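Colleague:
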Amino acid sequence: MNTVLFVDDDDDLRRATAQSLSLSGFHVTAVASAAAALREVEAGFDGVVVTDIRMPGIEGLATARELAQWPVAPAVIFVTAYDQHALEAFDVAASAYLLKPVRLEKLAAALDRLRRPATATRRRSTCRVAASGRCASRRAAPRAPIAASTGSSCR
Numbered sequence: 029m030n031t032v033l034f035v036d037d038d039d040d041l042r043r044a045t046a047q048s049l050s051l052s053g054f055h056v057t058a059v060a061s062a063a064a065a066l067r068e069v070e071a072g073f074d075g076v077v078v079t080d081i082r083m084p085g086i087e088g089l090a091t092a093r094e095l096a097q098w099p100v101a102p103a104v105i106f107v108t109a110y111d112q113h114a115l116e117a118f119d120v121a122a123s124a125y126l127l128k129p130v131r132l133e134k135l136a137a138a139l140d141r142l143r144r145p146a147t148a149t150r151r152r153s154t155c156r157v158a159a160s161g162r163c164a165s166r167r168a169a170p171r172a173p174i175a176a177s178t179g180s181s182c183r
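As numbered in the numbering used here, residues 29 to 183 make up the sequence shown, in order.
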């Protein structure tokens, strides 16, 4: 994902970050408010939303909650000066939480992680509980006959 919607009410920071990301190969749209960000997404924006948390009007966490309710929600990265909102940010499915002043390398790395397909780095397996109570993966032959399928996942 090379498209970024950068949301921050600090004009200088917004311009500097947008320019730096652009020079790093990202297509950046920069807006000063959460309301403007929601309008961009509603108009068809397809990328990652990078937002501050504390802004006049609608705050970043409320924006993320709103976006999470959309049928196809964009990934959200928070860039903020406040560390106390981290848990709440991840409750609304934040992809990353970076503290200001954020280094471009850290923001670019967070954006790059979102470019990689998740299925390439994660291995999921479904399993069935064998009569012995152990989990038998579909990839490995079970040592005991399967007594019941519970739909639980391997741990």
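Ideal placement from N, C-alpha and C gives every residue a C-beta, glycine not left out. Note that the structure is a prediction, hence the values are computed from the model and not measured.
Could you check the C-alpha separation between Asp36 and Ala136 for me, to the nearest Å?
Modeller: Here the alpha carbon of Asp36 sits roughly 17 Å from the alpha carbon of Ala136.
Colleague: Could you give the C-beta distance for Ala138 and Ile86, rounded to a whole number, given that I count them as a contact under 8 Å?
Modeller: Rounded, the Cβ-Cβ distance is 23 Å, inconsistent with contact.
Colleague: List the whole-angstrom C-beta distance separating Asp80 from Val107, where the pair is believed to meet the contact cut-off of C-beta under 8 Å.
Modeller: With a Cβ gap of about 6 Å, Asp80 and Val107 count as contacting.
Colleague: Quick one: Cα of Ala64 to Cα of Glu70, how far?
Modeller: 10 Å
Colleague: For Glu191, which residues in the same chain have their Cβ closer than 8 Å to its Cβ, ignoring the five residues on either side in sequence?
Modeller: Nothing about residue 191 can be read from this structure; the chain reaches only from 29 to 183.
Colleague: Could you check what DSSP says for Val69 in three-state terms: helix, strand or coil?
Modeller: helix
Colleague: Nearest-angstrom Cα distance between Pro102 and Leu95?
Modeller: 7 Å
Colleague: Quick one: using the 10 Å Cβ neighbour count with 16 as the cut-off for buried, is Leu49 buried or exposed?
Modeller: buried
Colleague: If you follow the alpha helix (DSSP H) that Glu137 is part of, which residue opens it and which one closes it?
Modeller: Rather than Glu, the amino acid found at residue 137 in this sequence is Ala. From DSSP, the alpha helix (DSSP H) with Ala137 extends over 132-143.
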